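**Q**
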Amino acid sequence: MKTIGVDVGGTFTDLALCDVGNGEVVIHKVATTPHDPSEGVVQGVREVCARAGTEPGEIAYVFHGTTTATNAVLENKLARAGMITNAGFRDILHIGRHQRVEHYSIRQELPWQSRPPIARRHRKTVAGRLVPPTGAELVPLDEAGVGRAAEELKAEGVEAVAICFLFSFLNPAHEERARAIVEAVMPEAFVTTSSSVSPQFREFERFTTAALAAAIGPKVRRYIANLESALARLGVTGELRIMASNGGAATARMVSEKPALTLLSGLAAGVLGGRWVGERMDRHDLITLDIGGTSADISLIREGRFAETDARSTALAGFPLLLPMIDVHTIGAGGGSIAHLDRGGAFRVGPRSAGAVPGPAAYGKGGDAPTVTDAHVVLGHLDPEDFVAGDLRLDPEAAVRVVGDLAGRLGLPLHEAAEGILTVLNANMANAIRSRTVQKGLDPRGFALMAMGGAGPLHGAAVAQMLAIPEVIVPPYPGITSALGLLTTDLKYDAIRTQFQVSDSLDIARLTEGFAAMEAELAGLFSADRVPAERVRTTRTGDLRYLGQGYELSIDFPSGALDAAGLDAVWRSFHDRHAAEYGHAFPGSPIEIVNIRVAGTGLLRKLPGLAAPAGGSLDAAELRRGRCLFRIGGRLTPCDTPFYRREALPVGAAVAGPAIIVQQDSTTLVPPGARAGVHPSGSLVITLGDAA
Amino acid sequence: MTAPDPTTAIDPVTAAVIQGALETIAVEMGHKLMRMSHSSIIRESEDFGAALTDPTGSQLCECRMSTPLQSGPIPGYVRHILKVVAGRGDAIRPGDVIMHNDPYGGASHGPDVAFCVPVFHQDALVGFSVTTAHHLDIGALTPGSCGIVDAVDTYAEGLQFKAIKVYEAGRRVDPVWQILEANLRAPQLVVGDMEAQIMAARIGAARFSELIETWGLAAITAAHDDLIAYSERLMREAIRALPDGEYRAVTHLDGYLDDPDPGRRDLPLVVTLRIAADTLEVDLTGTAPQLPDKPINMPFEGTVDCAIWLTVRSILLDSVTFGHIPQNAGLTRQIRIVAPKGCLANPDFPAPVIARFCPGNQLADTVMKALAQVAPDRVSAGIGNLRVASFSGLKDGRHWVHMEILEGSYGGRQGLDGMDAVDTLYANTRNNPIEDIEMHLPLRVTRYELREDAVAPGRWRGGIGTVREFTFLSDGGFSMEGDGHSHRPWGHDGGADGLTASVTLVPADGAPRALVSKIPYLKAKAGDRLVCLGPCGGGYGDPLARDPEAVLHDLREGLLGPEAAFADYGVAAMPAGLDEAATRAERGRRIVSPPS
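Just so you know, the sequences run in chain order A and B. Residue numbers for the first sequence, in the UniProt record's numbering: 1 to 692. Residue numbers for the second sequence, in the UniProt record's numbering: 1 to 596.
1) Cβ closer than 7 Å: which chain A residues qualify as neighbours of B:Thr466?
2) In chain B, which residues lie less than 8 Å from A:Gln499 when you measure between Cβ atoms?
3) Which same chain residues end up closer than 7 Å to A:Ser683 when comparing Cβ atoms and leaving out the 5 residues on each side of it in sequence?
4) Please report whether the beta-carbon of A:His329 lies at a distance below 7 Å from any beta-carbon of chain B.
5) Going by C-alpha to C-alpha distance, which of A:Ala225, A:Thr32 and A:Leu17 sits closest to A:Val26?
6) B:Arg587 to B:Leu416, Cα distance in whole Å?
7) Decide if B:Asp365 is buried, meaning its Cβ has at least 16 other Cβ atoms within 10 Å, or exposed.
8) Which one of A:Val101, A:Ile555, A:Met243 and A:Thr371 has the shortest CA to CA distance from A:Asp7?
9) What would DSSP say about B:His252, mapped onto helix, strand or coil?
10) Taking 7 Å as the threshold (beta carbon to beta carbon), is A:Tyr493 in contact with chain B?
11) On the three-state DSSP scale, how would you describe B:Leu578?
12) So what's B:Asn428 in DSSP terms, helix, strand or just coil?
13) Is it true that the CB of A:Ala87 sits closer than 7 Å to the CB of A:Ala127?
14) Considering A:Met83, what are the terminal residues of the beta strand (DSSP E) in which it resides?
15) So, does the CB of A:Ile27 fall closer than 7 Å to a CB anywhere in chain B?
16) Given this structure, state the Cα-to-Cα distance separating B:Gly87 from B:Gln70, to the nearest angstrom.
17) With burial defined as no fewer than 16 other Cβ atoms inside 10 Å of the residue's Cβ, what is the status of A:Pro320: buried or exposed?
18) Please confirm if A:Val424 has its CB atom under 7 Å from at least one CB of chain B.
19) Once you ignore the five residues that flank A:Leu261 on each side, which residues in its own chain have a CB closer than 8 Å to its CB?
20) Here's a check: name, in chain order, each residue in its chain whose Cβ is nearer than 7 Å to the Cβ of B:Ile10, leaving out the five neighbours to either side.
21) Can you list, in chain order, the residues of its chain with a C-beta nearer than 6 Å to that of A:Arg530? Leave out the 5 residues immediately preceding and following it.
22) At 4 residues or longer, and completely inside the segment 229-308 of chain A: list those alpha helix (DSSP H) runs for me, N to C.
23) Roughly how many whole angstroms lie between the Cα atoms of B:Pro507 and B:Met29?
24) Check for me: the beta strand (DSSP E) holding B:His100 runs from which residue to which?
25) Report the neighbours of A:Phe89 on chain B: residues whose CB is nearer than 9 Å to its CB, in chain order.
26) So which residues on chain B does A:Asn428 lean against when the C-beta distance must stay under 8 Å?
27) From B:Val312 to B:His487, what distance separates their C-alpha atoms?
28) Determine which residues of the segment 435-459 of chain A have a Cβ less than 7 Å from any Cβ of chain B, and write them out in chain order.
29) Mind checking which residues open and close the beta strand (DSSP E) that includes B:Gln59?
30) So A:Thr538 is in the beta strand (DSSP E); what residue range does that whole segment cover?
31) Within 8 Å, do at least three Cβ pairs link the segment 492-512 of chain A to the segment 444-461 of chain A?
32) Distance, Cα to Cα, A:Thr489 vs A:Arg302?
33) Would you check if there are 3 or more beta carbon pairs closer than 8 Å linking the segment 155-169 of chain A to the segment 75-92 of chain A?
34) Can you list, in chain order, the residues of its chain whose CB lies under 8 Å from that of B:Glu469, leaving out five sequence neighbours each side?
35) Kindly list the residues whose CB is nearer than 7 Å to the CB of A:Glu552, restricted to its own chain and excluding five residues on each side of it in sequence; keep chain order.
36) Which residues mark the beginning and the end of the alpha helix (DSSP H) in which A:Thr423 is found?
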C-alpha cells in the first residue's frame, strides 16, 4: 500500500510518498500556489509519483494538511453568513465578554466588532427559550418566525447560516428544528447549528465558533470538492483524508459537513511527525520545538500522547474557538526574526520577521535588518559553502554589516551582539517551554527536546541547556516533519456532552448513558466511513473542576458501566492532577463534571520506520573545518570546528562538540561539551554536557 | 529610537533575558490564581492582580491577565505593610503570609484583599510576591462587597485588615481564619479564593527565589533598574513631546440623585494638567469635597493615583503603537498628583470609600478630557462609565452572592468609531456567560444586546451601550453602584454628547420604577426584573463630516433609523442605498445655515 502526505505551507507545499510495505519514503517540495492551493497539491502529487516511479492509481490514501479554513479567517475572506438566534440576544457575537484586547490602549480595535464573522443585519432573532438545568422549553420555538428569517436571509444573498440558541448544549431540539426549516427554504446554503459544532456552555464562545464554521463552510466545501475531482483527473483513485485540528484525520465527507474541524489544523501534523520520530527511538516524552522563518511552535507529548488545549485557551485571529485542538503554543521567534532596539531602547528579537522576502540580510535579497540567521552567519555557524536554499548563496559581509550596526547601537562588540541575538531568542523559547511545563507541574528535564523545522536544529541544544533538558533529537528530515506526520495519522472523531454533575450527588446512570450514547454516535460515523469495528478505539475523558471553579482539567474515565469504585479513582486522579498543575488540591471540596468526552480513533496502517542511514565513517563525513565562536567558560572563544555532511554520518558515530552538521533542509549545531550520534532510526541524538 | 541608557549596570542581553523570566513568573501566578479560584469575580471577571516587587515595594513585573486596577496598587500595599509591621516593632520573616486591605494604607478599597509573601535570599528580605483579588463579601452591612452605597464610615464597609499575618513563619494563624469564616458571607467561596491567592503568591515567591539563585541578586536588581529606566525614558519623551501649558477639564458625578442635600448631587471632578518639559502635574483642586458619610470617596493611593497613571499611559504610550511597556515606577515618577486633603479624591479617615469604582473611572475620563486638548489624535471622546451590580439571596440556608460589572462604551476616536459595549479605562473585566449564571444561580438573563437608536453622532460616532435584563427566579435582593444617569459622556470637537445610563425595576406585580444610580440593598421578589441600559460614549468630530457610507452602514446594521440618519448626519437614504444628491443638498444647506 502506498500513501502520500501533502502539507501546504506559506511558501512550500511539502510531500512525502511512502510505501507502507517497506518503509521507503520519497520526499518532494513544490512552491505553494496561494491563489488556489489545490493546484500546488495536484502538481506535487504528480511530481512525487513520477519521482518515486509510482502510478497515481497505486496511491491508497492522500493525507492532506490544509490552511484553507485558517487563512479564510486570518485574511477575513469569509462567506456572507447569517444567524438565527433568540429574541433579546441579537448581539452576543458583538458584545463578546465585554473585555478589551489591550489594557493600556485607547486606539485598539476589537476583532469581534471591527470584523464580525456575521454582520448584524444578517443576525435574525426569533422567539423561543430553553432553560437549565435540563434544557426544558420555557418558550416554544416560533417556527413561522424561523421561516420568515430564512426567507429574509435568502433575499439578502446569504450563503451560510449559523443557528445559535441559548442552552442548546443541553437540548439541541430548537436548533435542529430551525435547521430543518432553514434548509427547506435555502437548500443551497451551508447550514450549521451551535450544538452540532460544539455542545458546550458559554454562549459567546459557542456562537462564535458556529459563526466561523458557517462563514468558512462554503469555501472549504468548494475546496475539498475541487481537490477531489482534480486528484481523480490525475488518476488517483484512493481516498482523500484531511488533517483536523484534533490531531487526527477526517474524511472529505466529514470535513465538508463540519469544516470547523480544520480551523486550527495547520500545526497538528508537525507534532504527529515529531511523535512518530520519537516512537522509532522509544522516546515517548517529548517537547517538540518546530522553528521556521517567523515562528516557533511548541508542543508536549507525554507517554506518547499529545495534549489538547483547554476550551478556554483556543483562539484564531482574536476569536475564541470551542473546539478540540491539539495543544500547540506559537511564539514569534524564528530564523527571520529581526533584532532591534525598541522605542525605549531595549534589546528585542522578534516578533517582527524579515520573512521569506526580503529575508535576512545574508540572503542578499534586499534585507537590511539584522536577523537571527545573520547572527548565525556572523558566528560562523552557517557557511556559504553549504548553505544552499533554492539558488540562494549567503552573503556574509551583509550579515556582518547589519549585525555590526546593531552592535554599535548596543555598545557591544560584533560577536557579542551576534551571540546576544541568539541568547535573547533562545531565552524567549525557553520561557515559552517553561510556561508549558514548569507551570503545569512538569519537569522539563524528564523530556527529550525534538528540534524540528529548518531552524530548530540550530537552536535545540542551546534551548535545552537553558532548561537542563539532557537530550535533543534531530529527525532525519527536520524541514519536512509535517508531511511525514500526515502519514502517521489515524481517523479521529470527538464527541462531547455537557453534564454539570457534582460528585456528592452523582447520577451514575446518567453519566454511563452519556458515554454510551457518544460511543454509539462515533460508531455510526466510523461505520459511515467504512472503518471496521475492530479497528476503532475509544477513550473517555471528563472535564472536571472543583465546584465553583471556572477552569477544568481533563481526566481519564474507565470504559464500560461506571461504578462507585471506578469513580473514586477518577476523583483521586483529579485531586492529584490539580495538585500537580497548581501546587494545591482542595480534597474537601465537591468535584463538578462539566463535560464528558469520547475520542474515537479509526486505526489506519501507517508509515513503519525509515530505512537506516548507510554512512561510512566520521572522517569521510567531514566536509572541512571552520572557525566558529562559542561561549566557553563565560568567554566567546573561536573554535576550530568540523563541518559534517549528515547523510554520510554512520550509525553509532560519536561527534564531539563543537561541530556543525549540515544537510539539505537544515543545519544542526552541536555546542562545546555536547556529543552527537546517529540513532539506527536515522535521527541525530545530541547529549548535552555541563559546559554551558 | 533612543540610545540605551549608558548608566545601566547590566548588559542588554542579560537584561532582556531576566525581564522575560520575570514576566513569565507573573503570568504563571495569574494563570494559577484564575484557574484555582472559586468565585466568578476572579475566574470570569478577572478582577485580580499579581506582581513581584523589590523589598521596598517597587514593582518588578505584573501579570498581563490581571485587571489594571488590581495590579496597579500592589506597590502601595507593600509600602504600607512595611510601615505597619515596622510600626508595631514586628519583623517580616520567612514563611509569613500577610493579608492587607486598608484603603487608607495603599489598598484600592476593602474588598480588594492582598496576600503578600516575602522572599528571602541568604537571610535578607529581597522582595515580595503579591496577589490581590476582589472578594465577594468582606463582612459589610449588606450582602456582597459591591453596591454598598450607604456605608457611613470605613467600619461599616467590612473587615479591615492592616498587615495581618495569616501565616507566621510558616504556621497557619488559626484564629484569623476562624474570624474570617465567621464574619464573611459565603465563606466557602471567599476563603477558597483566599487560599488560591496564597498558593499563587507562594508559587511566585518560589520562582523568584529560583531566579535569584540562577542570576544572582545583583543582576536581578540591575535588570529591575534597567526596566524602570526603560519605562521612565518612554514616559518622559512622551510628555516632552506635548506642548507646555495648563489644560483644565471638568466632568460631574451623579452623586446621590435622590438625596435632599444638593451638596451630595452633581459633584464636580476637576483636573488641571500642567505640562512643563518632561514633567506632568495633575492637580485635582476644585474637585468636590469629600462626603463624610457616603462611600464614593476615592482612596488617594490605590484608586486616584492608579486611575491617573493608567489613563496617561494608555493615551501617551498606547500599547497598540508602543507595544508592551512594563508597568513600574518609571512610568509614574514624572507625574505629580495634587489633591487637596478632604476632597473626594483625597478623603480623611474614616470617610467611607468602598463604592469608589465609578468615581475613579470618571476621574480617569476627566484626565482624558484634559489630555484631549493636547493629544486629540490619541484620545476618545467621553466614555460611558461602568457600573457594578450585586445580586444575593439565601438558598438552602446558604448565602449566594453574584457580582456583575455592567459594561460601558468608548467615545469616538480620530479615524475610528468608539468601541461598543466594553469595559472602559481603568477596569478590564469580563462578563459572566448567561449560560453560567443561569446554571448556577436563581437568576435568568432575559435580554442582552446593543441599544438601538442610541448613537452619539460624530464624524466618528460614539460607542453603543447595552441593554441587559436580569429576572429573579426566587426571592432575594440586589444593590448597585452606578453613575452616569444624569451626565452625558462628553462629545469632542463638534461630536455630540453621548447618552446616559438608567436602571428600571419591573416588579412581577406592579408598575415599573426608574431607579437612581446608587441603589442600596433592595429586596426583590421572584419574577422581578431589572432593566439596565448602558451608557453610550460621546461622538468625535462634526457629524456632517461623517462618511455617508458609514452612516448607511449603521442604518443597515439597525443601529439607527432613517430619520436619525437625516437629522443627525444630513444623510438621505433610500432602500437601494444612499441618495447622494439629497445628502449633498442637505449637508450643503446645513453648513451654510447651521441649525441653532
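Even for Gly, the Cβ is constructed at its ideal location relative to N, Cα and C. None of the values given here were measured: they were computed from a predicted structure.
**A** Reading from the atomic positions:
1) Ile95
2) Against chain B, the beta carbon of A:Gln499 has no neighbour under 8 Å; the closest one sits roughly 11 Å away.
3) Val277, Met281, Ile473, Val474, Pro475 and Pro476
4) At a cut-off of 7 Å between beta carbons, A:His329 makes no contact with chain B.
5) A:Leu17
6) Taken atom to atom, the span from the alpha-carbon of B:Arg587 to that of B:Leu416 is near 22 Å.
7) buried
8) A:Met243
9) strand
10) no
11) strand
12) coil
13) yes
14) Segment Ala81 to Asn86, the beta strand (DSSP E) holding A:Met83.
15) no
16) If you take the alpha carbons of B:Gly87 and B:Gln70, they lie about 26 Å apart.
17) buried
18) yes
19) Closer than 8 Å at the Cβ level, and outside the excluded window around A:Leu261, lie Ile242, Ala244, Ser245, Asn246, Ala250, Met254, Val255 and Leu323.
20) Ala219, Ala222, Ala223 and Asp226
21) So no residue of the chain qualifies.
22) 252-257 and 268-280
23) 44 Å
24) Val97 to His100
25) Ile434, Val445, Arg447, Tyr448 and Glu449
26) Gly20
27) 23 Å
28) Ser435 and Gln439
29) Gln59 to Glu62
30) Val536 to Tyr546
31) no
32) 17 Å
33) yes
34) Val445, Thr446, Arg447, Tyr448, Arg529, Leu530, Val531 and Cys532
35) Asp310, Asp543, Leu544, Arg545 and Val594.
36) Leu414 to Arg436
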